[in-house]
Amino acid sequence: MSGRKLIITGDDFGMSVEVNEAVEEAHRRGVLTSASLVMAGEAAADAIARARRMPALGVGLHVALLHAPAALSKEQVADLLDENGCGFSRRTWKTGCKLALFPHVRRQALAEVRAQFELFRKTGLALDHVDGHKHFHQHPWLLAALIALAPEYRIRAIRLPREPALCSWRAAGRVGLGRRLLDVAGHWPLLRLMRRVLRSAGIVSNDWFFGKHDGGAIGRNWVLRLLEQLPPGVSEIGLHPARRSWPPPYGPPTHWRVTDELEALIDPDVVAACRRPGVRLAKFSDLSAETVPC
């Protein structure tokens, strides 16, 4: 188990008070090392206040262009909104195609991404990392935009959502191998490109990511099984813990067990396993020389 680093991240920080409470509890009482902040989330101000009280928590920007509220006005991002014009569309393929085909949509998206970075800058928090809501930062245009913005906003680390199928399958109790293998095959070209682009830009990333296929279903046994076979290098587990579910339009899917994910993060056996020799808990800023205020 020598040389294994483990980042444990709570996504959707700022989306609701229920999430914020869970992030704080999991960091103070458990093994959560980082959180990804939704700047236009309903409870973003509450999340920022909590983050300021937790200086050891690595806080990153959860860039949101799908199924989330916008930082800009509806008129400024009209082509990215859902049919009701209430927030970003949840249709990944539709937004992805629009970004690939239409320059005016790319301009709207770039303005929104900049607005989210500016809001983060105003918090005064150190930018630990950047990732995308629904892992949408894999999209080649969005990845290129983040690389272009890196010098201005001092982006030093970006999540690589590369999940090894066999490891995650065993962690999940040997369920769903087929869909995991299909996902690896389908995303391999994007992830290969992403890794090459990040390295070329001098931006650090994790080697492996877990939670992509099991979001909302990560319990204590899942985490313990993963820790028994954690691969060499830097792994990240992405979770969505919450004290309880919260209502639409941005609440979690009804089948997600968000409280189980919180319980897993504070479980005594999980805490002990994460602190045993050979596993080093970390945040993204530990992978680079320094992290400075954005």
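Here the sequence shown is numbered in our numbering, starting from 1080 and rising by one per residue.
Cβ atoms here follow ideal geometry from the backbone N, Cα and C, with glycine treated the same way.
* To do: Please confirm if the region 1242-1260 is in contact with the region 1296-1311, defined as three or more CB-CB distances below 8 Å between the two stretches.
  => yes
* To do: Could you have a look at H1183 and say whether DSSP puts it in helix, strand or coil?
  => Within the sequence shown, numbered from 1, the residue matching residue 1183 stands at position 104. If DSSP states are grouped into helix, strand and coil, H1183 belongs with the helices.
* To do: Could you name the residues of the same chain whose beta carbon sits closer than 7 Å to that of V1096, not counting the 5 residues immediately before and after it, in chain order?
  => For this step, residue 1096 is matched to residue 17 along the sequence shown. A1122 and D1125.
* Asked: Would N1285 be called buried (16 or more neighbouring beta carbons within 10 Å of its own) or exposed?
  -> Here residue 1285 refers to the residue found at position 206 of the sequence shown. Under this definition N1285 is a buried residue.
* To do: Determine the contact status of A1190 and L1341, defining contact as a CB-CB distance below 8 Å.
  => Within the sequence shown, the letter at position 111 stands for residue 1190. Within the sequence shown, the letter at position 262 stands for residue 1341. No, these two residues do not count as a Cβ contact at 8 Å.
* Through-space distance from V1276 to G1166, alpha-carbon basis -> In the sequence shown, counting from the first residue as 1, residue 1166 sits at position 87. In the sequence shown, counting from the first residue as 1, residue 1276 sits at position 197. Their Cα atoms are separated by approximately 30 Å.
* To do: Ignore the nearest five residues each way along the sequence and tell me which others in G1120's own chain have a CB closer than 6 Å to its CB.
  => Translated into the one-based positions of the sequence shown, residue 1120 becomes position 41. These residues qualify, in order along the chain: G1093 and M1094.
* Nearest-angstrom Cα separation, counted from I1234 out to A1188 -> One-based indexing of the sequence shown puts residue 1188 at position 109. One-based indexing of the sequence shown puts residue 1234 at position 155. In a straight line, the C-alpha of A1188 is about 18 Å away from that of I1234.
* Asked: Below 8 Å, can you find three or more Cβ-Cβ pairs linking the region 1195-1205 to the region 1127-1138?
  -> yes
* State whether the region 1205-1218 contacts the region 1265-1276, with contact taken as three or more CB pairs (one from each stretch) at a distance under 8 Å. => yes
* Can you tell me which of the three DSSP states V1192 falls into? => Mapped onto the sequence shown, residue 1192 falls at position 113. Three-state DSSP puts V1192 in a helix.
* With 8 Å as the threshold, decide whether the Cβ of W1172 is near any Cβ in chain C. => Absent from the structure is chain C; it holds one protein chain and no more.
* Closest by C-alpha distance to L1043, when choosing among T1333, E1242 and A1264 -> Past the boundaries of the shown model lies residue 1043; the chain is included only from 1080 to 1373, so the question cannot be answered.
* Taking Cβ to Cβ, would you say F1363 is nearer than 8 Å to I1086? -> Taking the first residue of the sequence shown as 1, we reach residue 1363 at position 284. Taking the first residue of the sequence shown as 1, we reach residue 1086 at position 7. Yes, the Cβ-Cβ distance between F1363 and I1086 is below 8 Å.
* Can you check the region 1094-1125 for any alpha helix (DSSP H) of at least 4 residues that lies completely inside it and give the ranges in chain order? => 1096-1108
* **Cut-off 7 Å between Cβ atoms - residues of its own chain near L1222, not counting five sequence neighbours on either side** => The sequence position of residue 1222 within the sequence shown is 143, counting from 1. Here the set comprises H1216, M1273 and V1276.
* Can you name, in chain order, every residue of its own chain whose Cβ lies under 6 Å from the Cβ of S1168, other than the five neighbours on each side? -> Residue 1168 sits at position 89 when you count from the first residue of the sequence shown. Only D1161 and T1174 meet the Cβ criterion.
* Asked: Considering only residues of the region 1257-1298, which uninterrupted beta strand (DSSP E) runs meet the minimum length of 3 residues and lie entirely inside it, listed in chain order?
  -> 1287-1289
* Asked: What do you get for S1152, buried or exposed, if any count of 16 or more other CB atoms within 10 angstroms of its CB means buried?
  -> Counted from its first residue, the sequence shown places residue 1152 at position 73. That one is exposed.
* Using the C-alpha atoms, what's the distance from I1237 back to P1134? -> Within the sequence shown, residue 1134 is the residue found at index 55, counting from 1. Within the sequence shown, residue 1237 is the residue found at index 158, counting from 1. If I take the Cα positions, the gap works out to 20 Å.
* Asked: What do you get for E1315, buried or exposed, if any count of 16 or more other CB atoms within 10 angstroms of its CB means buried?
  -> The residue labelled residue 1315 in the question sits at position 236 within the sequence shown. By the 10 Å Cβ count, E1315 comes out buried.
* Asked: How far does the alpha helix (DSSP H) with A1143 in it reach, from first residue to last?
  -> One-based indexing of the sequence shown puts residue 1143 at position 64. Segment: none, A1143 is in no alpha helix (DSSP H) and carries neither H nor E.
* One or two residues paired with G1207 in a DSSP bridge -> Locating residue 1207 in the sequence shown gives position 128, where the first residue counts as 1. It is Asp, not Gly, that sits at residue 1207 in the sequence shown. Paired residue(s): none; D1207 is not in a bridge.
* Asked: Which one of L1144, L1303 and A1321 has the shortest CA to CA distance from R1336?
  -> Translated into the one-based positions of the sequence shown, residue 1336 becomes position 257. Ranking L1144, L1303 and A1321 by Cα distance to R1336 puts A1321 first.
* To do: Identify whether R1170 lies in helix, strand or coil by the three-state DSSP scheme.
  => Numbered from its first residue, the sequence shown carries residue 1170 at position 91. The answer is coil: DSSP assigns R1170 none of H, G, I, E or B.
* Asked: Expressed to the nearest angstrom, what Euclidean distance is found between the alpha-carbon atoms of D1365 and G1257?
  -> Position 286 of the sequence shown, counting from 1, holds the residue named residue 1365. Position 178 of the sequence shown, counting from 1, holds the residue named residue 1257. Taking the straight line joining both Cα atoms gives about 35 Å.
* Beta-carbon proximity of G1089 to L1318, cut-off 8 Å -> In the sequence shown, residue 1089 corresponds to position 10, counting from 1. In the sequence shown, residue 1318 corresponds to position 239, counting from 1. Yes, they are a contact pair.
* Asked: Run through DSSP, which three-state label would R1131 get?
  -> Residue 1131 sits at position 52 when you count from the first residue of the sequence shown. R1131 falls in the helix class under three-state DSSP.
* Return the residue from the list P1230, G1281, H1146 and K1177 that minimises the CA-CA distance to H1214. => By 1-based counting over the sequence shown, the position of residue 1214 is 135. When each option's Cα is compared against that of H1214, the closest is H1146.
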